[in-house]
Amino acid sequence: MELPLLCPLPAVEPTQILLTHGGGGRLMHRLIERVFAPAFASPHGETHHDGALLPPGGAARLAFTTDAYVVRPLFFPGGDIGRLAVCGTVNDLAMCGARPLYLSAAFILEEGLPLQTLEQVVGSMRQAAHEAGVEIVTGDTKVVERGRGDGLYITTAGIGLVEHGLHVAPASIRAGDAVLVSGDLGRHGVAVLAVREGLDLECPIQSDCAPLAEPVRRLLAAGLQVHCLRDLTRGGLAAALVELAEASGLSIAIDGAAVPLREEVRGACEILGLDPLQLACEGRFLCVLPEEETVRALALLGPEAAHIGRVHASTPPQVTLRGPLGAWRIVEMPSGEQLPRIC
Amino acid sequence: MRFVDEYRHEHSVVRLAEALRRSVTRDWTVMEVCGGQTHAIVRFGIDALLPERLQLLHGPGCPVCVTPVELIDKAIALAMRPEVVLCSFGDMLRVPGSRDSLMTARARGADVRIVYSPLDALRLATELPGREVVFFAVGFETTAPTTAMAVYQARQRGVHNFSLLVSHVLVPPALEAILSSPERRVDGFLAAGHVCTIMGTAQYEPIARQHRVPIVVTGFEPLDILQGLYMVVRQLEEGRAEVENQYSRAVVPGGNRRAQEIIEEVFCVVPRSWRGIGSLPQSGLGLRPDYAAFDAERRFALEASGVQEDKECQSGLVLMGRLRPVDCPAFGTRCTPEHPLGATMVSSEGACAAYYRYRRA
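So the protein sequences, as listed, match chains A and B. Here the first sequence is numbered in our numbering, starting from 21 and rising by one per residue. Here the second sequence is numbered in our numbering, starting from 5 and rising by one per residue.
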């Protein structure tokens, strides 16, 4: 009788992630060669090195950030976890007033993840990096046992250069400043919720997930005195405004009618009992700058941008919103995730 | 947005508010029953448009708020059982029981899932034949028909791993309780439009007659609420006490007969205890004997725990219109959405939550 030989490496190329893919052995190298190296090829990235050696930035200041991405489902209308992982970190750099240059990407893969899924995600990362003008130069891969992860987690870190003398931060905000938003709100939040909860919306809503490096570059290149930038992520406009008010010690008054919202997002919010101001975005930002620069900034940001409010001094600092009937109400920091109502 | 923006039109609202101001000649106190209306009033600042002599009180129409602590504890106990998947509307998850909430139970390993309809919970039961799916059936008459339909279908299709933890309550007995209270301050009611979409308006006729109180079935948008108030005030000023229907685009006098039939098929009227208010006779719905096999309290032999509401929480007074949220000493200090003492601070229809979210100075 002949005993079959047990081999840790499958003879044919596996189509799913196996625990062995994270073992540091041949299969892991094949994964890097097949999936990551071709997608993120860069003159500064060394596929087989522990890190990337980057050229010096000269007199410019460095900006450095990191973020972890867990999203269910991995794919949603208008994007996926890969696009999110690149845009999120690029946007954090852009909000520091930096020009994003290099990203790292660490993957935590769940055993059994179809290789095709990984390739699709990596393909979107490549596309998003291209759009944002950044290179993914170093990375890491780990595999966890089946059931110990939601298919795929990604952590990215990024480095950018601050090539101007402005201090783009909440501390630079002044009373009298204008508050601008770069486009319509809430589409990412509704798009993910709709897929996650199986909601059959009449008009499918696409996520707004996008890199913000280019619009920020335009504002800075035009010489505008940008005081503060803040991207709208979890907690949406409400969270970003309250954070800015608290960090600057100043109040912000918003005109509810000026806040750009698409009809389909408003409709979904009315039906589900969600507050559009608290919905997540992944490709929108607030820009706070001197009132007299409003018109130029809006022209640079494009037709979807809007002047939504004004900074003023009051104690305690708070965010208020003028509603459709002319009454003012406070805008509160969201308390955890929004939960759909009963009726 | 059609069917919404028309009812928030600033010019029409101002005109109606002006008409309301002209029609008030004495002091009147009107209660909006539904928490959805409370939130619209506070969010849009409708109260600021009212004449000084017209005072609004917020009512008990928040199903999450009136669900007894004991039942939330039972839901948590059920959810902690390994075989159970507990399905609930999203509103319920943050509501504190005597020790924790369904949200914290989920963090401790309980399988708690948010559903949008009881029928989603029934579908889950068919997809998970090895598990026991329990739906936490909370709500007024508005949500009762879909709950009833889920149990009806479960019995028809022989889905035996599905059951209900029932806490359905009814609006008319709550109005009776408020009107019978020795500290009655209410001169008129805005009744909840959605409840009447199901039940019609006839149930309110005896209440209006017996207690000499105008009741106007009202919608949820700013113009609806102002028009409802205008209709109540006109009745009060003219000495009338009738049931009128402002929300005629959704409510017909007989209500939705099909919905009533399915409620009647599955449920019967039972006494229920209301959080913060106490036990009210004939104030809720329970499963009929034919459907008793789908009663989770019976199936899992749940014991009454006898726990009490946090003594500091005055949500009962808030729900009865006897205390304004901002006048509660714990409001915004020891009681916040992150650390609620009671349900009115966390429910999307809770009065305390409305003031915290839109009004906190």
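Think of the CB as a built atom: it goes at the ideal place given N, C-alpha and C, for glycine as much as any other residue. As the structure is a computational prediction, the values presented were derived from the model and not from experiment.
Check your understanding: Could you give the uninterrupted runs of the alpha helix (DSSP H) lying entirely in the stretch 201-255 of chain A, keeping only those of 4 residues or more?
Key -> 207-216 and 233-241
Review point. Considering H172(B), what are the terminal residues of the alpha helix (DSSP H) in which it resides?
Key: Counting from 1 along the second sequence, the entry for residue 172(B) is found at position 168. Going by DSSP, H172(B) is part of no alpha helix (DSSP H) but of the beta strand (DSSP E) stretching over F166 to V173.
Review point. For the alpha helix (DSSP H) that contains F48(B), what are its first and last residues?
Key: Stepping through the second sequence from its first residue, residue 48(B) is reached at position 44. F48(B) -> alpha helix (DSSP H) spans G39 to F48.
**Study point:** Three-way DSSP call (helix, strand, coil) for G287(A) in this model
**Key:** By one-based count along the first sequence, residue 287(A) stands at place 267. Residue state, collapsed to three classes: helix.
Review point. Using DSSP with H/G/I as helix, E/B as strand and the rest coil, what is E131(A)?
Key: Along the first sequence, read from residue 1 onward, the residue named residue 131(A) stands at position 111. Coil at E131(A), not helix or strand.
Point to revise | Beta carbon proximity, R127(B) to chain A, threshold 7 angstroms | key: For this step, residue 127(B) is matched to residue 123 along the second sequence. By the rule that beta-carbons nearer than 7 angstroms mark a contact, R127(B) does not touch chain A.
Point to revise | Simplified DSSP assignment, three categories, for Q140(A) | key: Translated into the one-based positions of the first sequence, residue 140(A) becomes position 120. Reduced to three states, the DSSP call for Q140(A) is helix.
Check your understanding: Given that F48(B) touches chain A, what residues does it touch there, using C-beta distances under 9 angstroms?
Key -> Indexing the second sequence from 1 puts residue 48(B) at position 44. Chain A residues near F48(B): G343, P344, L345, A347 and R349.
Review point. Is the shortest distance between the beta-carbon of G94(B) and the beta-carbons of chain A less than 7 angstroms?
Key: Within the second sequence, the letter at position 90 stands for residue 94(B). At least one chain A Cβ lies under 7 angstroms of G94(B).
Practice item. Could you name the residues of chain A that A52(B) contacts, counting a contact when the two beta carbons are closer than 7 angstroms? Key: Walking along the second sequence from the start, residue 52(B) turns up at place 48. Neighbours of A52(B) on chain A, chain order: A347.
Practice item. Kindly indicate which three-state DSSP category F271(B) falls into: helix, strand or coil? Key: Stepping through the second sequence from its first residue, residue 271(B) is reached at position 267. In the structure shown, F271(B) sits in a strand (DSSP, three-state: E or B).
Point to revise | Where the alpha helix (DSSP H) through T314(A) begins and ends | key: As a working note, residue 314(A) is residue 294 in the first sequence. That run of the alpha helix (DSSP H) goes T314 to L321.
Point to revise | R361(B) at chain A interface by Cβ criterion, 7 angstroms | key: Position 357 of the second sequence, counted from the start, is the residue given in the question as residue 361(B). Judged by the 7 angstroms Cβ criterion, R361(B) is in contact with chain A.
Exercise for review: Give a yes or no on whether 7 angstroms exceeds the smallest Cβ distance from S352(B) to chain D.
Suggested key: Going by chain labels, chain D is absent from the structure shown, which instead holds the protein chains A and B.
Review point. Within the 7 angstroms Cβ cut-off, does E22(B) reach chain A?
Key: As a first step, residue 22(B) is located in the second sequence; it is residue number 18 there, counting from the start. Taking Cβ atoms only, chain A never reaches closer than 7 angstroms to E22(B), which makes this a no.
Check your understanding: Would I52(A) pass as a contact of L129(A) if the rule is Cβ separation under 7 angstroms?
Key -> Taking the first sequence and counting its residues from 1, the one referred to as residue 52(A) is at position 32. Taking the first sequence and counting its residues from 1, the one referred to as residue 129(A) is at position 109. No, the Cβ-Cβ distance between I52(A) and L129(A) is not below 7 angstroms.
**Study point:** CB contact flag (A195(A), L270(A), <7 angstroms)
**Key:** Numbered from 1 along the first sequence, position 175 holds the residue referred to as residue 195(A). Numbered from 1 along the first sequence, position 250 holds the residue referred to as residue 270(A). In this structure, A195(A) lies near L270(A), with their beta-carbon atoms less than 7 angstroms apart.
Exercise for review: Pull up the DSSP beta-bridge partners for Q36(A), would you.
Suggested key: By 1-based counting over the first sequence, the position of residue 36(A) is 16. BP columns for Q36(A) point to P134(A).
Point to revise | Distance, V273(B) Cα to V190(B) Cα | key: In the second sequence, residue 190(B) corresponds to position 186, counting from 1. In the second sequence, residue 273(B) corresponds to position 269, counting from 1. Cα to Cα, V190(B) sits roughly 26 angstroms from V273(B).
Practice item. With a 10 Å radius around its C-beta and 16 neighbouring C-beta atoms as the bar for buried, classify F96(A) as buried or exposed. Key: Here residue 96(A) refers to the residue found at position 76 when the first sequence is read from its first residue. Label assigned to F96(A): buried.
Review point. When you check each C-beta in the stretch 164-186 of chain B against every C-beta of chain A, which residues fall closer than 9 angstroms?
Key: none
Practice item. Entirely within the stretch 63-107 of chain A and at least 4 residues each: give me those alpha helix (DSSP H) ranges in chain order. Key: none
Exercise for review: Report, in whole angstroms, the separation of the C-beta atoms of F140(B) and L90(B), which I expect to be a contact under 8 angstroms.
Suggested key: Residue 140(B) sits at position 136 when you count from the first residue of the second sequence. Residue 90(B) sits at position 86 when you count from the first residue of the second sequence. Sure, about 6 angstroms apart at Cβ, within 8 angstroms.
Practice item. Measuring only between beta-carbons, confirm whether L359(A) sits less than 7 angstroms from chain B. Key: Counting from one through the first sequence, the residue named residue 359(A) turns up at place 339. By this cut-off, L359(A) is an interface position.
Practice item. Name the one or two DSSP bridge partners that V221(B) has. Key: Residue numbering aside, residue 221(B) sits at position 217 when the second sequence is read from its first letter. DSSP lists A195(B) and N249(B) as partners of V221(B).
Check your understanding: Can you list, in chain order, the residues of its chain whose CB lies under 8 angstroms from that of M21(A), leaving out five sequence neighbours each side?
Key -> For the purposes of this step, residue 21(A) is taken as residue 1 along the first sequence, with counting starting at 1. Note that M21(A) scores a pLDDT of 47, beneath 50, so its modelled location is shaky; the value from the coordinates is reported in the next line. Leaving aside the five residues that flank M21(A) on each side, none in its chain has a CB nearer than 8 angstroms to its CB.
Check your understanding: Does the beta carbon of S271(A) come closer than 7 angstroms to any beta carbon on chain B?
Key -> Translated into positions along the first sequence, residue 271(A) becomes position 251. Closer than 7 angstroms: no.
Exercise for review: Give the range of the alpha helix (DSSP H) segment to which E316(B) is assigned.
Suggested key: For the purposes of this step, residue 316(B) is taken as residue 312 along the second sequence, with counting starting at 1. Run containing E316(B): none; DSSP gives neither H nor E here.
Review point. Is the Cβ of L97(B) closer than 7 angstroms to any Cβ of chain A?
Key: In the second sequence, residue 97(B) corresponds to position 93, counting from 1. With 7 angstroms as the cut-off, L97(B) counts as an interface residue toward chain A.
**Study point:** Chain-ordered chain B contacts of E290(A) [CB-CB under 8 angstroms]
**Key:** Locating residue 290(A) in the first sequence gives position 270, where the first residue counts as 1. What E290(A) touches in chain B: M5 and V8.
Exercise for review: State the beta-bridge partners of Y173(A) as determined by DSSP.
Suggested key: Here residue 173(A) refers to the residue found at position 153 of the first sequence. Answer by DSSP bridge pairing, in chain order: I128(A).
**Study point:** Pairwise C-alpha distance: G162(B) and P337(A)
**Key:** Within the first sequence, residue 337(A) is the residue found at index 317, counting from 1. Within the second sequence, residue 162(B) is the residue found at index 158, counting from 1. When rounded, the distance between both Cα atoms is 59 angstroms.
Practice item. Rank P177(B), F224(B), Q214(B) and A181(B) by C-alpha distance to the C-alpha of L194(B) and give the top, closest one. Key: Here residue 194(B) corresponds to residue number 190 of the second sequence, with the count starting at 1. Of the listed residues, the one whose Cα sits closest to L194(B) is F224(B).
Check your understanding: Opposite P120(A) in the DSSP bridges: which residues?
Key -> The sequence position of residue 120(A) within the first sequence is 100, counting from 1. DSSP lists G180(A) as partners of P120(A).
Point to revise | I174(A) versus A149(A): straight-line alpha-carbon distance, rounded | key: Here residue 174(A) corresponds to residue number 154 of the first sequence, with the count starting at 1. Here residue 149(A) corresponds to residue number 129 of the first sequence, with the count starting at 1. For I174(A) and A149(A), the distance between alpha carbons rounds to 15 angstroms.
Review point. Can you tell me the Cα-Cα spacing of E268(B) and S309(B), whole angstroms?
Key: Reading the second sequence from its first residue, position 264 is the one you call residue 268(B). Reading the second sequence from its first residue, position 305 is the one you call residue 309(B). If I take the Cα positions, the gap works out to 30 angstroms.
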